[in-house]
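What follows is a set of notes on a single structure, which appears directly below.
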Amino acid sequence: MIKFETTLMDHEVKFTTAQYLSDFIFYEVLMAVVRLCAYN
Numbered sequence: 006m007i008k009f010e011t012t013l014m015d016h017e018v019k020f021t022t023a024q025y026l027s028d029f030i031f032y033e034v035l036m037a038v039v040r041l042c043a044y045n
């Protein structure tokens, strides 16, 4: 049971990290687009 819970938590951590990374990438792309629009 303890092993199962640890695995579940590990998956949650990985999911959270993936979500954070995708949000970060989305923000970076958004900023790049804003910069391009501002310069043109």
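Just so you know, the sequence shown maps onto residues 6 to 45 in this note's numbering. Even glycine gets a Cβ: it sits at the ideal position worked out from N, Cα and C. Quick caveat, the model's predicted, so the values are computed rather than measured.
Roughly how many angstroms lie between the CA atoms of residue i and residue j, to the nearest whole one?
i: C42; j: T11; result: 47 Å
i: F29; j: F20; result: 14 Å
i: L35; j: N45; result: 16 Å
i: H24; j: V39; result: It is worth fixing the name first, because residue 24 is Gln in this sequence and not His. Near 22 Å, if we compare the C-alpha coordinates of V39 and Q24.
i: E33; j: L13; result: 30 Å
i: A37; j: S27; result: 15 Å
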